[in-house]
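Heads up, the thing below is written out as structure tokens.
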Amino acid sequence: MERLFYFKVPRAHYKADAFILWCFDERFDSFEDRNPFVRLVFWLLNLVGFKQFNPEPSLLRAYVKSVGLKHPDVVKWGGGGKALGTLSDQEIAEALFGQMELSERLHGAKEFHIAVAHSNCGGLPGFENDPDGEDRHHRDLVAKVVRIVGERFPEKKIVGIFPRFDGVYRVAERVRLR
Ligand SMILES: [Zn+2]
16 MERLFYFKVP
26 RAHYKADAFI
36 LWCFDERFDS
46 FEDRNPFVRL
56 VFWLLNLVGF
66 KQFNPEPSLL
76 RAYVKSVGLK
86 HPDVVKWGGG
96 GKALGTLSDQ
106 EIAEALFGQM
116 ELSERLHGAK
126 EFHIAVAHSN
136 CGGLPGFEND
146 PDGEDRHHRD
156 LVAKVVRIVG
166 ERFPEKKIVG
176 IFPRFDGVYR
186 VAERVRLR
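Okay, so the sequence shown: first residue is 16 according to my numbering, each after it adds one.
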């Protein structure tokens, strides 16, 4: 085989501070370079205390930074954690639970952050002209998913989030029981 390029990956093992489930929609974890001027302005605003301006290159990275995570295990799945709240998707839900258990076993993940779809997600019914309806639908679905994951992992902190085009919203949170 042939090495395509050189890149130094750290060998040291790590403790995952969280497990994150996120949709694979590239807009919400973009590989496209963000305008460097905008990033610079946001970086400066952030530096002087306006924390709502986030200079990170993608929404997922901005979320990770904003909640203070350093080494999250990230699983991307179409629709994020939507299947966890849908009775007809039990096989997918079990596979996603399996990934959470693996992250916990291998890296000791203590918190689970579950993005349930996002604005304009292909995995959900269209809400093109009804942003309030979309928000309502998500509030209910995210709360349900947080409850279901919490029942499965009573010792974990579960955070239910909704990524939108204007940032990430925390919808529901369940603190660990012990
Ligand atoms: Zn999606």
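Glycine included, every Cβ here is placed at the ideal spot set by N, Cα and C.
Asked, Found
"Contact test: Asp-40 Cβ vs ligand 1 heavy atom, cutoff 6 Å", "yes"
"Exposure label - Pro-51; buried when at least 16 CB within 10 Å", "exposed"
"Same chain, Cβ closer than 6 Å to Val-186, neighbours up to 5 away in sequence not counted", "Arg-154, Val-157, Gly-175 and Phe-177"
"Alpha helix (DSSP H) runs wholly inside the region 136 to 170, at least 4 long, in chain order", "146 to 167"
"Buried or exposed by the 16-neighbour rule on C-beta atoms within 10 Å, applied to Lys-9", "Because the chain is modelled from 16 through 193, residue 9 falls outside the range shown and cannot be assessed."
"For Tyr-184, the three-state DSSP class (helix, strand or coil)", "strand"
"Proximity of Leu-36 and Ile-173 at Cβ, strictly below 7 Å", "no"
"Same chain, Cβ closer than 6 Å to Phe-34, neighbours up to 5 away in sequence not counted", "Asp-88, Met-115, Ser-118, Ala-124 and Phe-127"
"Top-ranked residue by Cα proximity to Asp-32, from Asp-181, Arg-120, Val-131 and Phe-112", "Arg-120"
"Three-way DSSP call (helix, strand, coil) for Asp-104 in this model", "helix"
"According to DSSP, residues forming a beta bridge with Ala-31", "Paired residue(s): none; Ala-31 is not in a bridge."
"Cβ-Cβ separation, Pro-70 to Phe-57 (assumed contact under 8 Å), whole Å", "4 Å"
"Coarse secondary structure for Glu-109, derived from DSSP in three states", "helix"
"Own chain partners of Ser-81 with C-beta closer than 7 Å, once the 5 adjacent residues on each side are dropped", "Asn-69"
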